[in-house]
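**Q**
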Amino acid sequence: MMKIQVRCFARFQDAFGEEQILDLPDGATVRDAVRVLAGTGPDAGLLVDAEGNIRSYVMIMHRDERISPMDAEEVLLVDGDVIILFPPVSGG
Amino acid sequence: MIAITRDPIDPDRFIKAAKNPKTGGIVTFIGTVRDDGIEALDLEVCEEVALSDLEKIASQARDEYNLNSVDIVHRVGRMEITDVILVIVVGAAHRQEAFAACSSILESIKQFVPIWKKDIRKDGARWHFHENQE
Numbered sequence: 001m002m003k004i005q006v007r008c009f010a011r012f013q014d015a016f017g018e019e020q021i022l023d024l025p026d027g028a029t030v031r032d033a034v035r036v037l038a039g040t041g042p043d044a045g046l047l048v049d050a051e052g053n054i055r056s057y058v059m060i061m062h063r064d065e066r067i068s069p070m071d072a073e074e075v076l077l078v079d080g081d082v083i084i085l086f087p088p089v090s091g092g
Numbered sequence: 093m094i095a096i097t098r099d100p101i102d103p104d105r106f107i108k109a110a111k112n113p114k115t116g117g118i119v120t121f122i123g124t125v126r127d128d129g130i131e132a133l134d135l136e137v138c139e140e141v142a143l144s145d146l147e148k149i150a151s152q153a154r155d156e157y158n159l160n161s162v163d164i165v166h167r168v169g170r171m172e173i174t175d176v177i178l179v180i181v182v183g184a185a186h187r188q189e190a191f192a193a194c195s196s197i198l199e200s201i202k203q204f205v206p207i208w209k210k211d212i213r214k215d216g217a218r219w220h221f222h223e224n225q226e
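Listed in order, the protein sequences are those of chains A and B.
The numbering used here numbers the first residue of the first sequence as 1 and each following residue consecutively.
The numbering used here numbers the first residue of the second sequence as 93 and each following residue consecutively.
#1: Mapping the DSSP letters down to three states, classify R98/B as helix, strand or coil.
#2: At 4 residues or longer, and completely inside the stretch 18-75 of chain A: list those alpha helix (DSSP H) runs for me, N to C.
#3: For a test of the three-state rule: what should DSSP assign to I164/B, helix, strand or coil?
#4: Could you tell me which of L133/B, F221/B and V125/B sits nearest to V176/B, measuring between CA atoms?
#5: Starting from the N-terminal side, write out each stretch of the beta strand (DSSP E) that is 3 residues or longer and does not extend beyond the stretch 103-130 of chain B.
#6: Looking at the strands, I want to know which residues DSSP matches up with R213/B.
#7: Would you tell me roughly how many angstroms separate the C-alpha atoms of H62/A and P113/B, rounded to the nearest one?
#8: Do we get a CB-CB distance below 8 Å when we pair E223/B with the residues of chain D?
#9: Does the stretch 47-56 of chain A come within contact of the stretch 188-195 of chain B, defined as at least 3 CB pairs closer than 8 Å?
#10: Indicate the three-state DSSP secondary structure (helix, strand or coil) for E223/B in the structure shown.
#11: With A132/B as the anchor, note down where its beta strand (DSSP E) starts and where it stops.
#12: Could you tell me the distance, in whole angstroms, from the CA atom of I118/B to the CA atom of I94/B?
#13: Could you tell me whether the stretch 126-138 of chain B touches the stretch 164-182 of chain B, using the rule of 3 or more Cβ pairs below 8 Å?
#14: Got a sec, what are the start and stop residues for the alpha helix (DSSP H) F9/A sits in?
#15: Taking 7 Å as the limit between beta carbons, can you name the residues of its chain near V158/A, skipping five residues before and five after?
#16: Less than 8 Å separating the beta-carbons of P103/B and A142/B?
Okay, here's the thing in structure tokens:
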């Protein structure tokens with residue numbers, strides 16, 4: 001098993017907390033982590049659709065790089081990884 | 093200067109600093125808090141990512157538009173109506189590059205820099221959240 005830290009901001013933080021430590025099986029991907037996180041709150045639809053696909057507006061940071069929701073299935077996690085989730089931005 | 097601050101921003105300071113013998117055009121964007129029936133605006137940031145993003149945006153604009161100077165200062169935290177949220181000041185030899193660079197920088201900030209607005213109203217607070225970005 002791996003421990004993965006997930007940090008959320010703005011509206012995602014209201015729904016899923018500022019930070020969660022998830023226990024995931026070896027071989028889990030970023031998409032798996034987002035799906036598990038979505039299941040921890042009453043507003044899973046904010047992060048994933050009915051088929052479990054990450055919504056395209058979710059901005060994902062992993063190891064200082066942005067990951068497209070479409071590519072999250074391809075990114076393998078290792079124990080201790082940190083994922084940051086941003087809702088659509090509204091600065092400026 | 094590329095910065096994120098919780099303090100009020102004085103745009104004049106950056107406009108004065110942009111004056112340069114090689115600069116023929118200084119274009120400034122000042123974003124302010126608009127009264128949309130709100131009491132105040134609260135901005136949250138992921139500073140570690142946002143500051144890095146702003147530095148990359150500035151660097152790319154400097155190269156792409158051959159700028160002599162570029163300043164981006166974004167305020168976060170609670171702000172009142174008319175307070176300055178964002179200042180972008182770019183200096184270039186000619187106006188075309190300066191206008192284009194300022195607009196490009198602003199659009200990049202609005203597209204992906206992790207900063208979020210929350211309206212503070214009498215009946216509660218509400219994030220700006222546009223699902224149609226999907």
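Think of the CB as a built atom: it goes at the ideal place given N, C-alpha and C, for glycine as much as any other residue.
**A** For this structure:
#1: coil
#2: 30-38
#3: strand
#4: Among L133/B, F221/B and V125/B, the Cα nearest to that of V176/B is on V125/B.
#5: 117-124
#6: G216/B
#7: 44 Å
#8: Reference to chain D is not applicable here, since the protein chains of this structure are A and B.
#9: With the rule of 3 Cβ pairs closer than 8 Å, the stretch 47-56 of chain A does not count as touching the stretch 188-195 of chain B.
#10: In the three-state scheme derived from DSSP, where H, G and I count as helix and E and B as strand, E223/B is classed as helix.
#11: A132 to V137
#12: 17 Å
#13: yes
#14: No alpha helix (DSSP H) holds F9/A; DSSP gives it neither H nor E.
#15: It is not possible to answer for residue 158/A, since the shown part of chain A is limited to 1 through 92.
#16: It is not a contact, given that the beta carbons lie outside the stated cut-off.
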